[in-house]
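Structure record follows, encoded as structure tokens.
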Amino acid sequence: MEASKVIHAIYTDDDVLMAAVKKVKSAHHHIEEIYTPFPVHGLDKAMGLAPTRIAITSFMYGCVGLAVAIVMMNFIMIQDWPQDIGGKPSFSYIENMPAFVPIMFELTVFFAAHLMVITFYLRSRMWPFKKAENPDPRTTDDHFLMEISVHNNEKELSDLLKETGAVEINLIDKAH
Amino acid sequence: MILGALGVSYGFWDSHQYKTEEDVKVLLAAEHDGHGEAHSSEGHAEESHVEEASHVDAHGDEAHAEEGHKMSHEEHVLHQIHNRPWSALYVAAFFFFMIALGVLAFYAIQFAAQAGWSPVLFRVMEAITAYVLPGALIVLGIAVASGTIGHYNIFIWMDPDMVDPTSDKYDALVAGKSGFLNLKGFIIRGLIFIAGWSLYRHFARKFSIAQDNADDNKNFKKSFRIAAGFLVFYIYTESMMSWDWIMSVDPHWFSTLFGWYVFASMFVSGITVIAMLTMYLKSRGHLPFVNDSHLHDLAKFMFGISIFWTYLWFSQFMLIWYSNIPEEVTYFVTRFQDYQLPFLGMVVMNFVFPLLILMNSDYKRIPWFVVMAGIVILCGHYIDVFNMIMPATVGDRWFIGIPEIGSILLFAGLFIFIVFTALTKAPLLAKRNPFIKESEHFHY
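Residue numbers (numbering that gives the first Met the number 0), protein chains in the order written: chain A, 0 to 175; chain B, 0 to 443.
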């Protein structure tokens with residue numbers, strides 16, 4: 000595989016970073032990745048990232064949880080062994096429904112929350128013992144790093160990045 | 000600029016005034032027809048069966064029938080028929096008053112919490128709260144009139160015979176509560192509540208207007224302080240008001256959650272009305288500084304408080320259903336037997352519908368979507384009040400017919416008239432509020 004080159008432009012301020020992202024975008028360069036120490040409000044919009052669909056998955060997981068709760072209690076309490084426990088009507092699910100609502104609610108929340116979190120971990124590839132992908136340890140403290148792929152236009156790119164207020168520009172060989 | 004805003008709002012109000020006044024006239028006539036009908040045709044037909052029945056104390060609650068006030072079924076039904084126009088009027092009056100009071104509480108919270116998004120909506124909220132004083136007086140007036148002019152049509156405990164041990168209508172339970180439930184105390188408490196609410200409203204409005212032309216933030220600080228004080232006063236009086244004005248229609252029944260439950264209902268309807276009025280004014284071009292993020296926030300409140308209402312509704316219902324103590328459970332038994340459709344329908348309207356409609360964040364920014372959800376929520380909360388009052392007064396003889404719709408339209412007309420008149424009295428953007436800049440640029 001060929002060794003592709005990337006430029007790492009380092010910034011020290013999120014406002015400068017935002018302005019730089021807009022400039023690089025308008026010059027039609029592809030931003031591979033941006034590393035920041037904290038969430039920068041509006042960065043995803045500036046980069047043109049697609050909105051997340053995690054809320055939709057969460058809604059569906061919630062529906063699954065609700066279904067699980069209903070099916071489970073209908074089987075246990077109504078069909079399998081409809082005992083008379085303290086005079087509660089166990090003839091049909093709906094008759095005893097209010098007593099099941101706390102469980103239905105909790106399981107809905109449980110499924111929606113936990114499965115959504117697991118989805119998030121899977122989609123963002125996070126797990127214990129995962130090797131950190133940090134190109135520069137300073138980006139976890141007070142620096143912002145923009146990674147742009149280079150297609151034989153290093154000079155032009157680094158000039159552009161200089162202009163946007165980058166404090167440091169490094170050309171990196173990324174051996175694949 | 001003030002003159003311009005005034006002029007615009009006046010033109011706006013002028014076109015509205017005509018509509019509402021005509022509305023009110025037509026509706027009043029309609030309502031009187033309703034009264035006449037209920038009283039003359041049905042009422043008199045029954046009266047021929049039972050002599051002097053209208054003076055007998057009867058009540059819709061099954062508990063009373065069971066506990067044996069000595070009366071025939073005809074007397075019972077006749078009284079329910081007589082109760083209906085009173086209750087219809089009372090439900091509608093309370094519903095619109097409740098909206099105004101809910102908005103007042105929301106307004107005070109915005110001040111006390113120093114919210115940065117809502118100051119552009121303060122004038123809209125202030126206009127809605129203009130209805131608190133007249134609305135509350137009307138509610139109290141109807142309540143008192145039902146006990147003095149009417150034959151204890153809404154609150155049976157107002158009947159002095161009920162606490163008179165020598166009377167055959169003597170009710171030991173009601174007599175035991177007469178330390179709290181007596182007409183004099185009821186009126187005095189009501190007047191104290193109303194005075195407190197309208198004083199806060201008066202001063203909050205005054206400081207808000209004064210802040211427009213002030214050169215320091217003194218008025219704002221005063222607003223902040225009285226808002227905090229009012230919220231303390233409000234949560235006590237709102238709770239007591241709900242015992243007095245709503246829970247006591249069933250003097251044999253009690254619930255500790257009731258004050259909160261009524262609060263949730265008034266709060267969500269109040270917020271819904273703020274959202275709907277804001278959208279209406281914006282669509283007419285009177286609120287250029289309101290953007291869809293403000294709408295989004297209001298819709299989030301509608302969504303959240305709808306769920307809060309359901310939580311309280313269900314908590315009250317489930318605790319009583321679960322333990323099933325006869326003296327408490329009659330409340331829900333009557334509602335389940337005679338009011339199945341409104342009782343369960345309101346849960347769908349106030350919970351399932353807003354839950355599914357307002358969950359999506361994009362939909363919360365679409366005005367017609369929020370208006371549609373708002374209409375359903377408001378209808379749902381009207382039915383909520385209906386469910387609180389009607390089973391105790393008319394029992395199974397309920398119907399949403401001419402008296403009910405007439406009263407709704409009467410008070411809707413009055414409400415709209417007062418609110419839009421109040422809107423003309425001040426510029427629609429509060430100036431010099433310390434948070435107004437933030438609010439104008441609010442973006443979510």
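Every residue, glycine too, gets a C-beta built ideally from N, C-alpha and C.
Every value quoted in this text rests on a predicted model; they were computed, and no experiment measured them.
- According to the DSSP assignment, F110(A) belongs to the alpha helix (DSSP H) that extends over 96-122.
- Within the stretch 81-115 of chain A, the residues whose Cβ lies closer than 7 Å to some Cβ of chain B are P97, A98, V100, listed in chain order.
- F419(B) is a Cβ neighbour of A126(B), given a cutoff of 9 Å.
- The stretch 73-90 of chain A makes no contact with the stretch 10-21 of chain A; the number of CB pairs closer than 8 Å stays below 3.
- In this structure, L182(B) places its C-beta atom within 9 Å of the C-beta atom of M157(B).
- Residue pairing from DSSP places Y10(A) in a beta bridge opposite F143(A).
- Boundaries of the beta strand (DSSP E) around N169(A): 167-173.
- The beta-carbon distance between L139(B) and I187(B), rounded to whole angstroms, is 11 Å. This is too long to meet the 8 Å contact definition.
- Secondary structure at S292(B): helix, using DSSP grouped into helix, strand and coil.
- The alpha carbon of A8(A) has as its nearest neighbour, out of I55(A), T35(A), H27(A), the alpha carbon of T35(A).
- As the crow flies, the alpha-carbon of A429(B) is around 12 Å from that of A213(B).
- Assignment of S89(A) by DSSP, reduced to helix, strand and coil, places it in the coil class.
- Beta-bridge partners assigned by DSSP to Y34(A): L144(A).
- Among the bridge pairs identified by DSSP, S3(A) is matched with K173(A).
- Exposed is the label assigned to K205(B), since fewer than 16 other Cβ atoms lie within 10 Å of its Cβ.
- Listed in chain order, the non-local C-beta contacts of T118(A) below 7 Å within the same chain comprise I53, T56, local neighbours out to five positions each way being set aside.
- For W244(B), no alpha helix (DSSP H) run applies, since DSSP gives it neither H nor E.
- Within the stretch 311-324 of chain B, F313, F316, M317, W320, Y321, N323 place their CB atoms closer than 8 Å to a CB of chain A, listed in sequence order.
- Checking the DSSP bridge columns, you'll see V149(A) partnered with K4(A).
- Taking C-beta separations shorter than 8 Å and ignoring five residues to either side along the sequence, the partners of S89(A) in its chain run M76, I77, P81, Q82, D83, N95, following chain order.
- Bounds of the alpha helix (DSSP H) holding H81(B) are 72-111.
- H380(B): member of the alpha helix (DSSP H) spanning 366-392, first to last residue.
- Non-local C-beta neighbours of D337(B) in its own chain, meaning closer than 8 Å and more than five positions away in sequence, comprise P390, G394, D395, W397, ordered along the chain.
- Assignment of A429(B) by DSSP, reduced to helix, strand and coil, places it in the coil class.
- The C-beta of S264(B) comes no closer than 9 Å to any C-beta of chain A.
- With fewer than three CB-CB distances shorter than 8 Å, the stretch 357-372 of chain B does not count as touching the stretch 83-101 of chain B.
- Distances from the CA of T255(B) to each of G228(B), S241(B), L276(B) were compared; the closest alpha carbon is that of S241(B).
- Around the beta carbon of L159(A), 16 or more other beta carbons sit within 10 angstroms, so the residue counts as buried.
- Pairing R200(B) with L190(B), the inter-Cα distance amounts to about 15 Å.
- The beta carbon of F119(A) sits no closer than 9 Å to any beta carbon of chain B.
- I388(B) and F154(B) have their C-alpha atoms spaced approximately 10 Å apart.
- Cβ contact annotation for A99(B) (same chain, cutoff 7 Å, sequence separation greater than five): I127, T128, Y130, V131, G134, in chain order.
- Two segments are said to touch when three or more pairs of C-beta atoms, one from each, lie closer than 8 Å; by this definition the stretch 126-145 of chain A does not touch the stretch 102-114 of chain A.
- Using beta-carbon distances, M358(B) counts as an interface residue toward chain A, with a partner under 9 Å.
- In summary, F128(A) is exposed, with fewer than 16 beta-carbon neighbours lying within 10 Å of its beta-carbon over all protein chains present.
- Relative to K173(A), the option among N73(A), E132(A), G41(A) whose CA is nearest is E132(A).
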